[in-house]
Amino acid sequence: MKFATFNTNSIRARMPILLHWLKRESPDVLCLQETKVQDQDFPVEPLERCGYRAAFRGQKSYNGVAILSRSPLKNPALDLFEGGDEQARFISGTVDGIPIINVYVPQGFQVESDKFQYKLKWLRSLHDHISNRYEPHAPLLVAGDFNVAMEDRDVYDPDGFRGGVGFHPEEQALMEEFFKWGLVDIFRKHTTDGDRYTFWDYRIPNGFKRNMGWRIDYILGTAPMAEKSRDVWIDTGVRGMEKPSDHTFLVASLDI
DNA sequence: ATGGTCGGCAACCGA
70 MKFATFNTNS IRARMPILLH WLKRESPDVL CLQETKVQDQ DFPVEPLERC GYRAAFRGQK
130 SYNGVAILSR SPLKNPALDL FEGGDEQARF ISGTVDGIPI INVYVPQGFQ VESDKFQYKL
190 KWLRSLHDHI SNRYEPHAPL LVAGDFNVAM EDRDVYDPDG FRGGVGFHPE EQALMEEFFK
250 WGLVDIFRKH TTDGDRYTFW DYRIPNGFKR NMGWRIDYIL GTAPMAEKSR DVWIDTGVRG
310 MEKPSDHTFL VASLDI
């Protein structure tokens with residue numbers, strides 16, 4: 070099974086890259102974030118022509134998540150919170166018997182802001198959701214844009230970012246809770262390399278060329294998934310194309 | 001080199 074995640078920063082703006090990548094890589098599952106499209110405008114047809122079913126939850130302008138898969142998504146769920154996730158940041162289901170959760174974690178704006186508190190609350194809720202509904206020794210993949218980097222080797226300027234949003238000990242402690250529960254950062258299982266990023270801020274001039282990035286997108290898996298992972302890699306191949314996203318593809322191959 | 005990001009969506013907000 071080939072399993073991938075990609076923050077599109079608008080799926081409609083990214084269709085050329087997305088279709089190109091799907092044809093080239095033929096993943097079984099692709100989790101998307103920041104689709105930025107309402108459900109009635111989701112580009113279902115071109116993806117179907119490419120061989121993919123789509124399950125999605127969007128809203129106007131912001132956020133939005135989708136799971137593309139060759140086999141249909143079973144038992145789709147769209148709500149992280151009991152009262153419903155009004156921000157279209159969560160979608161889950163089962164593909165070929167493997168439970169999958171796809172998330173777009175709130176970015177958090179600034180550490181002093183209410184948005185940062187909402188980010189922490191959202192991460193706590195995700196932990197509760199997972200620990201209440203899943204088993205660490207059973208199959209589960211959790212992928213998406215977590216908007217948190219964990220270690221110095223995961224950002225280009227650790228001393229500059231330390232204590233700031235995306236690189237703050239409170240966020241990192243909540244991420245650690247996922248690992249304590251039993252999820253494994255599958256990229257890290259396969260390499261200790263630093264300077265391997267999935268996101269480059271558009272606002273940094275030539276940030277990609279200068280590799281001034283962050284590793285904030287993840288594929289997490291429970292122990293049976295981590296054991297079956299053959300490789301995980303960051304695919305920057307589409308970055309040479311016109312209009313790349315500020316994120317790139319993170320891909321895992323699993324012996325499933 | 002006398003500038004310097006995107007996308008959505010129509011003035012700015014969010015990242």
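Sequential numbering from 70 applies to the first sequence in my numbering. Here a beta-carbon is modelled for each residue, glycine too, at the ideal position from N, C-alpha and C.
When DSSP states are grouped into helix, strand and coil, Lys105 belongs to the coil group.
Val106 is positioned such that its CB atom lies no closer than 8 angstroms to that of Ser138. In this structure, the straight-line span from the alpha carbon of Ile288 to that of Val307 is close to 19 angstroms. Annotation for Ile255: no beta strand (DSSP E) segment contains it, though the alpha helix (DSSP H) segment containing it runs 255-259. Rounded to whole angstroms, Asp300 and Gln128 show a C-alpha spacing of 34 angstroms. Among the bridge pairs identified by DSSP, Asp304 is matched with Phe318.
Under the three-state reduction of DSSP output, Trp283 falls in the strand class. Secondary structure note for Ile80: it is in no beta strand (DSSP E), with a DSSP letter that is neither H nor E. By the neighbour-count criterion, in which 16 or more other beta carbons inside 10 Å mark a residue as buried, Asp223 falls on the buried side. By the CB criterion at 8 angstroms, Ile167 and Pro205 fall outside the cutoff. According to the DSSP assignment, Ser138 belongs to the beta strand (DSSP E) that extends over 134-138. Per DSSP, the unbroken alpha helix (DSSP H) holding Lys297 starts and ends at 292-297.
Asp197 and Glu151 have their C-alpha atoms spaced approximately 11 angstroms apart. Counting every other CB atom within 10 Å of its CB across the protein chains shown gives Pro175 a total of 16 or more, marking it as buried. Counting the other Cβ atoms within 10 Å of the Cβ of Phe248 gives fewer than 16, which makes it exposed.
Within the same chain, Thr74, Cys100, Asn171, Ile288 come within 6 angstroms of Ala212 by CB-CB distance, once the 5 residues on both sides are set aside. Put simply, the backbone Cα of Arg284 is about 32 angstroms away from that of Glu114. Less than 8 angstroms separates the beta-carbon of Leu210 from that of Met294.
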